[in-house]
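Undergrad:
2 protein chains.
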Amino acid sequence: MNTTGQTRKEEIIITATKLFKEKGYSAVTMRDLAKAVNIRAASLYNHIDSKQDILKTIIISLAEEFTRGMETIKSSEAVTIDKLRAIVALHVNITIQNTYGMASLNNDWMHLEDQLEHYLALRKTYEQDFIEIIQSGIDAQEIRNANPEIIMFSILTTLRSLYLWLPKKEDLNRQELAKNLGDVLINGINHHRTTD
Amino acid sequence: MNTTGQTRKEEIIITATKLFKEKGYSAVTMRDLAKAVNIRAASLYNHIDSKQDILKTIIISLAEEFTRGMETIKSSEAVTIDKLRAIVALHVNITIQNTYGMASLNNDWMHLEDQLEHYLALRKTYEQDFIEIIQSGIDAQEIRNANPEIIMFSILTTLRSLYLWLPKKEDLNRQELAKNLGDVLINGINHHRTTD
DNA sequence: CAATTAGACTAACGGTTGTTAGTTAACTCT
DNA sequence: AGAGTTAACTAACAACCGTTAGTCTAATTG
Numbered sequence: 001m002n003t004t005g006q007t008r009k010e011e012i013i014i015t016a017t018k019l020f021k022e023k024g025y026s027a028v029t030m031r032d033l034a035k036a037v038n039i040r041a042a043s044l045y046n047h048i049d050s051k052q053d054i055l056k057t058i059i060i061s062l063a064e065e066f067t068r069g070m071e072t073i074k075s076s077e078a079v080t081i082d083k084l085r086a087i088v089a090l091h092v093n094i095t096i097q098n099t100y101g102m103a104s105l106n107n108d109w110m111h112l113e114d115q116l117e118h119y120l121a122l123r124k125t126y127e128q129d130f131i132e133i134i135q136s137g138i139d140a141q142e143i144r145n146a147n148p149e150i151i152m153f154s155i156l157t158t159l160r161s162l163y164l165w166l167p168k169k170e171d172l173n174r175q176e177l178a179k180n181l182g183d184v185l186i187n188g189i190n191h192h193r194t195t196d
Numbered sequence: 001m002n003t004t005g006q007t008r009k010e011e012i013i014i015t016a017t018k019l020f021k022e023k024g025y026s027a028v029t030m031r032d033l034a035k036a037v038n039i040r041a042a043s044l045y046n047h048i049d050s051k052q053d054i055l056k057t058i059i060i061s062l063a064e065e066f067t068r069g070m071e072t073i074k075s076s077e078a079v080t081i082d083k084l085r086a087i088v089a090l091h092v093n094i095t096i097q098n099t100y101g102m103a104s105l106n107n108d109w110m111h112l113e114d115q116l117e118h119y120l121a122l123r124k125t126y127e128q129d130f131i132e133i134i135q136s137g138i139d140a141q142e143i144r145n146a147n148p149e150i151i152m153f154s155i156l157t158t159l160r161s162l163y164l165w166l167p168k169k170e171d172l173n174r175q176e177l178a179k180n181l182g183d184v185l186i187n188g189i190n191h192h193r194t195t196d
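These protein sequences, in sequence, are chains A and B.
So that you can map any letter, position 18 of the first sequence is 18 in full-length UniProt numbering, and since no number is skipped, the others follow by simple counting.
So that you can map any letter, position 182 of the second sequence is 182 in full-length UniProt numbering, and since no number is skipped, the others follow by simple counting.
#1: Pull up the DSSP beta-bridge partners for asparagine 190 of chain A, would you.
#2: In chain B, what lies closer than 9 Å to leucine 90 of chain A by C-beta?
#3: On the CB-based measure, 16 or more other CB atoms within 10 Å of its CB, does valine 28 of chain B come out buried or exposed?
#4: How many angstroms separate the CA atom of serine 159 of chain A from the CA atom of aspartate 32 of chain B?
#5: Using C-beta distances below 6 Å, list every residue in its chain close to threonine 95 of chain B, excluding the 5 sequence neighbours before and after it, in chain order.
#6: State yes or no: is the C-beta of glycine 188 of chain A within less than 9 Å of the C-beta of glycine 188 of chain B?
#7: Using the Cβ count rule (16 or more neighbours within 10 Å means buried), how would you classify asparagine 147 of chain A?
#8: By the 9 Å beta-carbon criterion, what residues does the stretch 95-114 of chain A contribute toward chain B?
#9: Could you check where the alpha helix (DSSP H) with alanine 41 of chain B kicks off and where it finishes?
#10: Am I right that histidine 118 of chain A and leucine 55 of chain A are in contact with their C-beta atoms under 8 Å? What's the rounded C-beta distance?
#11: For phenylalanine 20 of chain B and lysine 169 of chain B, I'd like the C-alpha separation in whole angstroms.
#12: Which of helix, strand or coil does DSSP assign to threonine 120 of chain A?
#13: Would you be able to state if there are at least three C-beta pairs under 8 Å between the stretch 172-190 of chain A and the stretch 11-20 of chain B?
#14: Starting from the Cα of glutamate 142 of chain A, find the closest Cα among B:Asn190, B:Glu10, B:Ser154 and give me that residue.
#15: So which residues on chain A does leucine 55 of chain B lean against when the C-beta distance must stay under 7 Å?
#16: To the nearest angstrom, how far is the alpha carbon of aspartate 82 of chain B from that of methionine 70 of chain B?
#17: With tyrosine 100 of chain A as the anchor, note down where its alpha helix (DSSP H) starts and where it stops.
#18: What does valine 79 of chain A touch in chain B if you count any residue whose Cβ is under 7 Å from its own?
#19: In or out: threonine 125 of chain B buried (at least 16 other Cβ within 10 Å) or exposed?
#20: For the alpha helix (DSSP H) containing glutamine 52 of chain B, name the first residue and the last one.
#21: Can you find the residues in the same chain that come closer than 7 Å, C-beta to C-beta, to isoleucine 151 of chain A, ignoring five residues on each side of it along the sequence?
#22: According to DSSP, is glutamine 128 of chain B helix, strand or coil?
#23: Serine 50 of chain B CB to nearest chain A CB: under 9 Å?
#24: When you check each C-beta in the stretch 154-182 of chain B against every C-beta of chain A, which residues fall closer than 7 Å?
#25: Could you compute how far the alpha carbon of leucine 44 of chain B sits from the alpha carbon of leucine 62 of chain B?
#26: From alanine 89 of chain A to isoleucine 73 of chain A, what does the alpha carbon distance come to, in whole angstroms?
#27: Less than 9 Å between the C-beta atoms of valine 92 of chain B and leucine 181 of chain B, yes or no?
#28: Using a Cβ cut-off of 9 Å (strictly closer), state whether threonine 128 of chain A contacts chain B.
#29: Taking Cβ-Cβ distances shorter than 9 Å, what residues in chain B pair up with residue 200 of chain A?
#30: Using a Cβ-Cβ cut-off of 9 Å, state whether arginine 68 of chain B counts as contacting chain A.
#31: Go ahead and pull the three-state DSSP assignment for tyrosine 163 of chain A.
#32: Does the Cβ of arginine 85 of chain A have 16 or more other Cβ atoms within 10 Å, making it buried, or fewer, making it exposed?
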């Protein structure tokens, strides 16, 4: 432990996460990472097992966090619109808390080796749960009868890209952002709503 | 020219674009690329200048295509909603025509070297034009008075991610997709529209 | 205080990287 | 038919990759 309350291992992983966001997993070398934490490359291995292991730690912990959040939302009693708002808030919260890691989750998952299958399973389940929520909202005539896959894609890609954009809007607090974003995603932008 | 009507150089660039989509620019080696076009790595250099040059070709041509499309839309006489629908169609069309390239445009632009500034300038202008269209729609009370940056972000990230999702929906034709996606993005998904 | 440990270091490994040089065989054009 | 061009090849380059081995020093522990 140092004065900032984080271990060297944590410092290495956090620094790696930042570098991975900037250049992608493959373009970051262990010497890059070492220089960023002011030690030699070989010294990294006193704290971590491998480069691959860093990526695994970043991605799997995030993916499992999303999975836990979705479980809670899925099993709640809320109506569909509120479940969707809860999903928006879930993404906003996780992204605020780990902005850099979201880049790896989105762009570097294919470089997972042992854990690739596990990750893909988590993602598939997440998307299935998402679609089921939308479908039940359509059935209850709570949301419009549009293609549920298009709806999910539209919302989910926006939420997955939050990490790109959120750092530029540090003035917005997370409740406000989740509210505004939820409004736009759910109610659209059209003032008159001509196609109903 | 071969029987498929494409030069060897075009074949190399198209193959590279596919590989870049799957693993990212940095993780694709010239030997990977050579194997995929059934020649030796050194032979690639009879057709292309460098690995970097391939990336430049992919990204800059796409970015300039978007810029030209935006110029046309911007200078048209259409109302805001129709301009936004035209932007959706622009992305759908370019993405259908060059699905793989969109991955590099989204994820590998930071590996541009000489052309990085040029790319960033194009992107900045594009986003500014986009925001101006939204703002004039708000002023004309055509679209809701929400944060124009959030609106742009929400729409643009969805459109930028189309390449991830479009290949799975080959049954949908492009007009239908542009229509459905435009509906969802512009009119939202809420059946009742409670927050107006 | 002696013994252990944690965490940095240097040196080096086998492999891979993008790329160049030089060669050769097959086409194209006069 | 001869000259020139195209596009493949082998061989090799210097640099860089992730990682290991072994060493040294300062802090921690019994």
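Each residue gets a CB set at the ideal place from its N, CA and C atoms; glycine is no exception.
TA: From the atom records:
#1: Against the first sequence, residue 190 of chain A aligns to sequence position 190. Answer is B:Ile143.
#2: Here residue 90 of chain A refers to the residue found at position 90 of the first sequence. Neighbours of leucine 90 of chain A on chain B: none; closest Cβ ~17 Å, over 9 Å.
#3: Taking the second sequence and counting its residues from 1, the one referred to as residue 28 of chain B is at position 28. The residue in question, valine 28 of chain B, is buried, as its Cβ has 16 or more Cβ neighbours within 10 Å.
#4: Position 159 of the first sequence, counting from 1, holds the residue named residue 159 of chain A. Position 32 of the second sequence, counting from 1, holds the residue named residue 32 of chain B. The sequence shown places leucine at residue 159 of chain A, rather than the serine named in the question. If you take the alpha carbons of leucine 159 of chain A and aspartate 32 of chain B, they lie about 33 Å apart.
#5: As a position in the second sequence, residue 95 of chain B is number 95, starting the count at 1. Excluding positions up to five away in sequence, the list reads Met102, Leu162, Tyr163, Leu166.
#6: Translated into the one-based positions of the first sequence, residue 188 of chain A becomes position 188. Translated into the one-based positions of the second sequence, residue 188 of chain B becomes position 188. Contact: yes.
#7: Counted from its first residue, the first sequence places residue 147 of chain A at position 147. The residue is buried, with at least 16 neighbouring Cβ atoms inside 10 Å.
#8: Flagged, chain order: Asn106, Asn107, Asp108, Met110, His111.
#9: Residue mapping note: residue 41 of chain B aligns to position 41 of the second sequence, counting from 1. No alpha helix (DSSP H) contains alanine 41 of chain B, which DSSP labels as neither H nor E.
#10: Position 118 of the first sequence holds residue 118 of chain A. Position 55 of the first sequence holds residue 55 of chain A. About 13 Å; that fails the 8 Å criterion.
#11: Within the second sequence, residue 20 of chain B is the residue found at index 20, counting from 1. Within the second sequence, residue 169 of chain B is the residue found at index 169, counting from 1. Taking the straight line from one Cα to the other gives about 21 Å.
#12: The residue you call residue 120 of chain A lines up with position 120 of the first sequence. Inspection of the sequence shows that residue 120 of chain A is occupied by leucine rather than by threonine. Here leucine 120 of chain A sits in helix by DSSP.
#13: no
#14: The sequence position of residue 142 of chain A within the first sequence is 142, counting from 1. The shortest Cα separation from glutamate 142 of chain A among B:Asn190, B:Glu10, B:Ser154 belongs to B:Asn190.
#15: Here the question's residue 55 of chain B lines up with position 55 in the second sequence. Near leucine 55 of chain B there are no residues of chain A at all, since even the closest Cβ is about 12 Å away, more than 7 Å.
#16: To locate residue 82 of chain B, count along the second sequence from 1; it is residue 82. To locate residue 70 of chain B, count along the second sequence from 1; it is residue 70. Straight-line Cα distance between these residues: approximately 13 Å.
#17: The count along the first sequence starts at 1 and reaches residue 100 of chain A at position 100. Element bounds for tyrosine 100 of chain A: 99-107.
#18: Translated into positions along the first sequence, residue 79 of chain A becomes position 79. Ordered by position in chain B, no residue passes the 7 Å Cβ test against valine 79 of chain A, which lies about 11 Å from the chain.
#19: Taking the second sequence and counting its residues from 1, one reaches residue 125 of chain B at position 125. The residue is exposed, with fewer than 16 neighbouring Cβ atoms inside 10 Å.
#20: Here residue 52 of chain B is taken as the residue at index 52 of the second sequence, counted from 1. Start and end: 51-74.
#21: Indexing the first sequence from 1 puts residue 151 of chain A at position 151. Same-chain partners within the cutoff: Ile134.
#22: Within the second sequence, numbered from 1, the residue matching residue 128 of chain B stands at position 128. If DSSP states are grouped into helix, strand and coil, glutamine 128 of chain B belongs with the helices.
#23: On the second sequence, residue 50 of chain B is found 50 positions in, with the first residue counted as 1. With 9 Å as the cut-off, serine 50 of chain B does not count as an interface residue toward chain A.
#24: Ser154, Thr157, Thr158, Ser161, Trp165, Asn180, Leu181
#25: Taking the second sequence and counting its residues from 1, one reaches residue 44 of chain B at position 44. Taking the second sequence and counting its residues from 1, one reaches residue 62 of chain B at position 62. Whole-angstrom Cα-Cα distance: 23 Å.
#26: Translated into positions along the first sequence, residue 89 of chain A becomes position 89. Translated into positions along the first sequence, residue 73 of chain A becomes position 73. Cα-Cα distance, rounded: 11 Å.
#27: On the second sequence, residue 92 of chain B is found 92 positions in, with the first residue counted as 1. On the second sequence, residue 181 of chain B is found 181 positions in, with the first residue counted as 1. It is a contact, given that the beta carbons lie within the stated cut-off.
#28: Numbered from its first residue, the first sequence carries residue 128 of chain A at position 128. The sequence as given places glutamine at residue 128 of chain A; threonine does not occur at that position. By this cut-off, glutamine 128 of chain A is not an interface position.
#29: Since the first residue of chain A shown is 1 and the last is 196, residue 200 of chain A is not available in this structure.
#30: Sequence index remark: in the second sequence, residue 68 of chain B carries index 68 (1-based). Not an interface residue.
#31: As a position in the first sequence, residue 163 of chain A is number 163, starting the count at 1. Correct three-state label for tyrosine 163 of chain A: helix.
#32: For this step, residue 85 of chain A is matched to residue 85 along the first sequence. Buried, since its Cβ has 16 or more Cβ neighbours within 10 Å.
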